Amino acid sequence: MRAQDLLLVTLREPPAEAEIPSHQWLVRGGFIRRVASGVYAYMPLMWRVLRKVEAIIREEMDATGALELRLPTLQPAELWRRSGRWDTYTVGEGIMFNLTDRQGRELGLGPTHEEVITSLAADLIRSYRQLPVSLYQLQTKFRDEIRPRFGLMRSREFIMKDAYSFHGHGEDLRRYYGSMDQAYRRIFARCGLKVLAVQADSGAIGGGASQEFMAIADAGEDLVLSSGDGRYAANQERAQSLAPPSVPLRVAMDTRFATPGQASIEAVCAAHNLDPTQTVKVLLHRACFAKGPDQPVLTVLRGDQELNTVKLTNTLGPLLVERGTILALERLDVDTLQAHGLQLPVGFLGPDLPDDAIQGAPGLVGGFLRIMDATAADLAGFVCGANVPDQHRRVPGWSMLGLSFTKADVRAAQPGDRCCHDPGTVLTATRGIEVGHIFQLGRKYSSALEACFSNESGSMEPMWMGCYGIGVSRLAQAVVEQNHDRNGMIWPVSIAPFELVIIIANGEEQEQCRLAEQLYGELRAAGVDVLLDDRVERAGVKFKDGDLLGIPWRVVVGRNAARGQIELKTRSARDVLEMDASRLLRHLLPRLQRQRRGSLPEVEV
RNA sequence: CGGGGCGUAGCGCAGUUUGGUAGCGCGCUUGCUUUGGGAGCAAGAUGUCGCAGGUUCAAAUCCUGUCGCCCCGACCA
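For the first sequence, the positions run 642 to 1246 when the numbering used here is used.
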């Protein structure tokens, strides 16, 4: 490709819309252009990168025995109602773009494809003899993100690889899940991405075991907690740890004491010489369900602990199965309570807050569902609010309150906490970008959509399913986030838009042009993905653009062209190798061959 | 959805407080010079000041409404 023909438009200044380096560089380099909030055009350079990423994914997916296909983006609501996700995805999370056609039929733009693939599998798969089957596609997905951010990192239209596998028994699902785990590690390594595999929450997809692949980056939106020994890593949404021990508090008898204006744990502790671990905190939420009334929830944690709302949500679902999926969990703080016309002594609430405290609030029916975290349950004596303004209470033990709680792990693990598998090690925090997620779905969707097969003994049973996603466009940007310097991007050879750029230092020098054209032809003939910068620009501009675009190899044909001398340089290193042009291919090709495989360990033949 | 901010040339921005001929830098066009790290000089082109109403002799500027975008929070595969 010649730079003249590339419609290369680079920007000297970062656009105002871009916050993080990868977003700035991609826009400055002319790789992407914003069309609407969270909607981007992939320009020719970006498209070359994406196609290389896709090629790597195809190779590795095919190697697991998966079959590529293409499913529709436009999907009928009826299918989503059968799995019970239409409401979750449209009304609840509101993440699915949906529309009504001219005949009044409701449709959604696919944010994911479990429903479609499962109904197809139900049609096509009849017998255990046809299993296992794994299907995948590379396709545009649509999600109406509340707040699109960071270019391709969180966009409303993006490219995703999604795969779905069907199995005759759980053991085969786990086997294939393991091989997808390995395939994913190979894909990311080949793309030059440093990832951390972590235990994850399954979220709205649901199901059993799941693992996320996090590209390590400060700009990442997820917090990963991992142990120094490499044996444990989890998304904070899901992470478990040992809370610090509490400071014992001996309470002889149930007493109230005045805490004027001390509406926070810190204030109470400071004024009465208490440790936060000697207190309990009470949080109120409203849980909204697909069916039935909203549920008031009262959660009790030890005073020094924070609530993990994902864990709380996951706890509530099974407790109230009859109300269907949880659509929202809303914190009832001072402002919200006032908006509902409730006057509660916020800051002075106790675990025994009576049910009638919230009577009269619109939409809320019945008493509290009371959830208690183990950190609170383990306390013998503790201090809590007395449900009266400016008063707290010393309680000798939980039996005093005569209440029944559902016990659950709802605390947020924190960096510095001791690990469950080895209290001698502690968790450290890393930020990550979720580039892949694999799930063992089990039979959730196959049961809902009646995707059954006849097993060896002739009886019908739902198939076991797994699903496996990679954010393709996000991955490409994550590579830039991990690989850039102050001059621009630094692409790994395996997914670079071009492997090598030839810069003609002075386009008016006949010798330079002639030698550059000759090398361009030779490199192309040798199968090298080469860009010839033949633009009528000064050398400085071409050098700057070459750095900005991050093309991994650079050949400069300049003042020594008449003597047949060129310069060879890599984007990442400073040193320049001056050599005779005739030696270029012999020097370059073996190195390129190695780099095209990405950072995979060498395989001996 | 709550809070904050911004919409002026392709990009980055000033001008708005205090109403009075539409500006700057980069980019673009032409010419000459220059030619190894985003060149110099000269001449030029480019705007429905987001949109719609209103106030006024006069609106980028004041008022009302509306649309879009960004940031923080909430939320989030």
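Virtual Cβ for every residue (Gly too), placed ideally from N, Cα, C.
Given the structure is predicted, the values throughout are model-derived calculations rather than measurements.
Opening and closing residue of the alpha helix (DSSP H) in which residue i lies
i     : result
N739  : N739 -> not in any alpha helix (DSSP H); beta strand (DSSP E) instead, spanning N739 to T741.
P685  : P685 to A704
A764  : Going by the sequence as given, residue 764 is Asp instead of Ala. Element bounds for D764: E755 to L765.
H723  : The sequence shown places Arg at residue 723, not His. Unbroken alpha helix (DSSP H) run through R723: A718 to R723.
F829  : G811 to R831
V668  : P662 to R669
G958  : T950 to L960
T940  : No alpha helix (DSSP H) contains T940, which is instead part of the beta strand (DSSP E) from Q936 to R943.
N1015 : The sequence shown places Ala at residue 1015, rather than the Asn named in the question. A1015 -> alpha helix (DSSP H) spans A1015 to A1018.
Paired residues, beta bridge with residue i - DSSP
i     : result
F930  : I967
I1111 : K802 and G1077
E747  : T741
H808  : W1105
T681  : According to the sequence shown, residue 681 is Tyr rather than Thr. Per DSSP, R675.
E709  : Y777
8 angstroms Cβ cutoff met for residue i and residue j
i     : j     : result
L1172 : I1192 : yes
V909  : V1024 : yes
A657  : R1176 : no
M702  : A804  : yes
N949  : E878  : yes
S1114 : I787  : no
A625  : N876  : With the chain running from 642 to 1246 in the structure shown, residue 625 is simply not present.
Q1118 : L720  : no
A762  : E1122 : no
L1226 : W1194 : no
T651  : L1141 : no
N739  : G725  : no
L779  : I758  : no
E1097 : Y817  : no
I906  : G849  : no
D1014 : D1058 : no
F1009 : I967  : no
L978  : D935  : no
A830  : L1241 : yes
Residue range of the beta strand (DSSP E) that includes residue i
i     : result
M642  : Here M642 belongs to no beta strand (DSSP E), and DSSP marks it neither H nor E.
T1069 : L1068 to G1083
H1062 : Segment: none, H1062 is in no beta strand (DSSP E) and carries neither H nor E.
C1025 : F1023 to V1029
P1103 : M1101 to P1103
A1092 : Neither: A1092 is in no beta strand (DSSP E) and is coded neither H nor E.
T781  : V774 to F783
R1035 : Q1032 to V1036
A1002 : Premise fails: A1002 is in no beta strand (DSSP E) and is neither H nor E.
I673  : I673 to A677
Environment of residue i [buried if 16+ CB atoms lie within 10 Å]
i     : result
N914  : exposed
P773  : buried
I698  : buried
A1214 : exposed
G792  : buried
H926  : buried
M1104 : buried
T753  : buried
K932  : exposed
P789  : buried
D1170 : buried
H664  : buried
R1165 : exposed
M894  : exposed
Taking only runs of the beta strand (DSSP E) that begin and end inside the stretch 1181-1246, which ones reach a length of at least 3 residues, in chain order?
The stretch 1181-1246 is shown to contain whole beta strand (DSSP E) runs of 3 or more residues at 1194-1198, 1206-1211 and 1217-1221, in chain order.
What are the uninterrupted segments assigned as beta strand (DSSP E) that are 3 or more residues long and contained completely in the stretch 834-907, given in chain order?
The qualifying runs are 836-840, 851-857, 863-868, 874-876 and 896-899.
Go through the stretch 1118-1182 residue by residue and report every complete run of the alpha helix (DSSP H) that reaches 4 residues or more, in order.
1151-1166
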